[in-house]
């Protein structure tokens with residue numbers, strides 16, 4: 001089945017850039033997503049990229065997609081303490097009816 | 113506020129208890145989901161309902177029993193749970209069960225089995 005992998009932790013200083021990486025084994029050709037989970041809350045869609053794009057920029061967020069290497073990344077510029085959360089990548093699959101498969105989440109810790 | 117509401121937010125239950133988790137959405141979505149979130153593990157998709165029909169059951173033990181009485185409500189009935197079932201249970205909904213529509217999540221029910 002589909003496998004989506006992320007590193008578990010990332011720690012950065014306030015003002016630095018954060019890069020959260022995700023690799024996947026398969027994907028249907030639609031959207032790939034980044035969700036954010038703040039403490040005590042459910043997941044909320046943060047941004048997404050359509051699979052025919054290499055890059056998408058949305059204010060402080062940049063999503064990069066390398067389809068050849070099956071690698072998705074999320075870059076947060078000028079990281080703030082309010083960005084501390086768990087970030088999940090989610091990938092639809094070919095062989096499970098397009099359902100979303102989530103990675104285990106990367107916990108981003110931003111230090112002042 | 114995502115439009116998906118889960119109750120209760122926290123639940124502590126003994127292994128012999130029976131309890132139910134409730135999820136409600138008024139977004140007009142046709143698909144609803146139960147996920148289990150355990151520490152350091154990927155989100156586990158438990159059940160998928162589309163137009164009130166169960167379309168997926170990912171080898172979930174029978175001590176978890178879902179119910180979808182209408183397109184706005186989803187329940188997860190719990191009985192004779194084990195301590196390893198302690199986790200955050202998340203409900204989500206989307207327009208349909210395909211992966212090209214955004215999923216909206218509730219805040220989750222933090223379940224502790226003692």
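Residue numbers (the working numbering), protein chains in the order written: chain A, 1 to 112; chain B, 113 to 226. Every residue gets a Cβ at the ideal spot worked out from N, C-alpha and C, and that includes glycine. In this text, all values refer to a predicted model and were calculated from it rather than measured experimentally.
Residue nearest to residue i in terms of C-alpha spacing, selected from the options
| i | options | result |
| --- | --- | --- |
| residue 18(A) | 103(A), 84(A), 99(A), 91(A) | 84(A) |
| residue 91(A) | 75(A), 45(A), 81(A) | 45(A) |
| residue 216(B) | 210(B), 209(B), 205(B), 222(B) | 205(B) |
| residue 142(B) | 208(B), 213(B), 212(B) | 208(B) |
| residue 151(B) | 52(A), 79(A), 86(A), 34(A) | 86(A) |
| residue 136(B) | 210(B), 145(B), 116(B) | 116(B) |
| residue 203(B) | 71(A), 69(A), 59(A), 43(A) | 43(A) |
| residue 220(B) | 39(A), 79(A), 82(A), 71(A) | 39(A) |
| residue 187(B) | 124(B), 114(B), 145(B), 125(B) | 145(B) |
| residue 89(A) | 26(A), 13(A), 74(A) | 74(A) |
6 angstroms Cβ shell around residue i - same chain, five flanking residues per side excluded
| i | result |
| --- | --- |
| residue 49(A) | 32, 56, 63, 65 |
| residue 122(B) | 222 |
| residue 101(A) | 2, 4, 91, 93 |
| residue 77(A) | 17, 60 |
| residue 189(B) | 132, 177 |
Beta-ladder partner(s) of residue i, from DSSP
| i | result |
| --- | --- |
| residue 163(B) | Per DSSP, none; premise fails for residue 163(B). |
| residue 109(A) | 11(A) |
| residue 44(A) | 36(A) |
| residue 204(B) | 145(B), 217(B) |
| residue 63(A) | 56(A), 74(A) |
| residue 122(B) | 222(B) |
| residue 137(B) | 116(B) |
| residue 6(A) | 22(A) |
Nonlocal neighbours in the same chain, by C-beta distance under 7 angstroms from residue i, ignoring five residues either side
| i | result |
| --- | --- |
| residue 191(B) | 130, 175 |
| residue 198(B) | 223, 224, 225 |
| residue 7(A) | 21, 106 |
| residue 104(A) | 6, 8 |
| residue 148(B) | 156, 158, 199, 201 |
| residue 119(B) | 134 |
Burial state of residue i (16 or more Cβ within 10 Å)
| i | result |
| --- | --- |
| residue 138(B) | exposed |
| residue 11(A) | exposed |
| residue 162(B) | buried |
| residue 194(B) | exposed |
| residue 110(A) | buried |
| residue 37(A) | buried |
| residue 153(B) | exposed |
| residue 127(B) | exposed |
| residue 4(A) | buried |
| residue 112(A) | exposed |
Proximity test, residue i beta-carbon vs the ligand NAD heavy atom, cut-off 7 angstroms
| i | result |
| --- | --- |
| residue 144(B) | With respect to the ligand NAD, the structure shown offers nothing to examine, as it has no ligands at all. |
Cβ shell of residue i (< 8 angstroms), same chain only, five flanking positions each side left out
| i | result |
| --- | --- |
| residue 170(B) | 156, 157, 158, 159 |
| residue 164(B) | 180, 181, 182, 183 |
| residue 99(A) | 92, 93 |
Handout entry: Minimum length 3: unbroken beta strand (DSSP E) runs contained in the segment 67-107 of chain A
Key = Segments of the beta strand (DSSP E) lying fully in the segment 67-107 of chain A: 71-76, 85-92, 100-102.
Practice task
Return the chain-ordered ranges of every beta strand (DSSP E) run that is complete within the segment 145-194 of chain B and spans a minimum of 3 residues.
Solution key: 156-162, 165-169, 176-182, 185-191
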